[in-house]
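Take the sequence shown: its letters are residues 129 to 354, numbered as in the working numbering.
Just so it is clear, CB atoms sit at the ideal spot from N, CA and C, and this is done for glycine as well.
Bear in mind the structure is a predicted one, so any value in this text is a computation, not a measurement.
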Amino acid sequence: MDLFKALHRSKLVQFLKRRNLIGIFSGFFDILAITLAFQVSYSINHNNWGTSFINDSILLHIYYAIMPAWLIFLYIIKISEIPRTKRYRMLFWGYLQSALLIGLLLVFIYFIFRLYMVPRRVLAMICIFGFTFLFLLRFFEYKVLKIYRSRGYNQKNIVIISDATAIPFIESLREYPEWGYNIQTIFTESAEVFDKTENTIITLPGMFLRDLHHIIEYDHIDEVIG
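Structure (structure tokens):
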């Protein structure tokens, strides 16, 4: 049986989405990735894979400072969520930014608190491995969800209120089904928009906007974009 069909039938994704558990799981995996970065950096530096970094009290305190800071940076950069339309290069750049900010914070902590007993290469590896693990994990999550949406699951029904300038946006939504947007209706006064969409999408003149609340109610619209 197709895995995505099984997930859809089980309503698991909808259950997780309604309770915002997808975001919670995503945050948990971010914490796991950062923790793993500390552990791998510690193990490589000491050439010992059987000891945990929590046995190093100084590194443990650095971990307590860096963990929340890194999560905050991810939130500020808006990379902690799993977006529908963000490209892979934007994900890469966002995580790289967070790693650079953490690198600056580690340099600040290192010199302010005179932590000269901590090898600098450990701090460098924390940034490198943290970036690598976080990006690869989110890449995998994003890839799985894109495949899921491209097969018609977990889609958002949307209404677009547009003029001719919205044509590239509309074409992008149609070109990339993995974004998971299903255009139910377009309201427009643009003849150009009518020419491009009326044969495939319900396209209505602006005067019918008075019926928008009925469309939202009966077509189960998730979002109005205008």
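- Judged by beta-carbon spacing, W177 lies within the 7 Å limit of S171, meaning their Cβ atoms are closer than that value.
- In terms of Cβ geometry, I343 and T325 do not form a close pair [threshold 7 Å].
- DSSP places F315 in the uninterrupted beta strand (DSSP E) bounded by 309–316.
- With respect to the C-alpha of E320, the residue from E299, E351, F181 having the closest C-alpha is E299.
- S154 and V352 have their C-alpha atoms roughly 27 Å apart.
- Collapsing the DSSP output to three states places S171 in a helix.
- Judged by pairs of C-beta atoms under 8 Å, the segment 263–279 touches the segment 218–234, as three or more such pairs exist.
- Inter-residue distance for L273 and F259 is about 21 Å (C-alpha atoms, whole angstroms).
- Under the Cβ criterion (8 Å, minimum of three pairs), the segment 195–205 counts as touching the segment 224–238.
- Beta-bridge partners assigned by DSSP to S290: T316.
- L234 and V287 do not touch by the CB rule: their CB atoms are close to 47 Å apart, not below 8 Å.
- Here G334 is exposed: its Cβ has fewer than 16 other Cβ atoms, across all protein chains shown, within 10 Å.
- With contacts defined as CB atoms closer than 7 Å, Y191 and F166 qualify as a contacting pair.
- If you look at E326, you'll find it isn't in any beta strand (DSSP E); DSSP assigns it neither H nor E.
- The beta carbon of I182 lies closer than 6 Å to those of L188 in the same chain, with the five residues before and after it left out.
- When DSSP states are grouped into helix, strand and coil, L160 belongs to the helix group.
- Distance check between T163 and each of R217, Y238, F261 places F261 closest, using alpha-carbon atoms only.
- Cα atoms of A292 and I329: separation of roughly 15 Å, rounded to the nearest angstrom.
- Within a 10 Å sphere around the beta-carbon of T331 sit 16 or more other beta-carbons, which makes this residue buried.
- For L332, the enclosing beta strand (DSSP E) begins and ends at 330–332.
- A direct Cα-Cα distance of roughly 50 Å separates F322 from I256.
- When C-alpha distances from R215 are compared across S185, T179, W307, the shortest belongs to W307.
- Rounded to whole angstroms, the gap between the alpha carbons of E345 and N285 is 12 Å.
- Between the C-alpha atoms of I295 and R249 there is a straight-line separation of about 50 Å.
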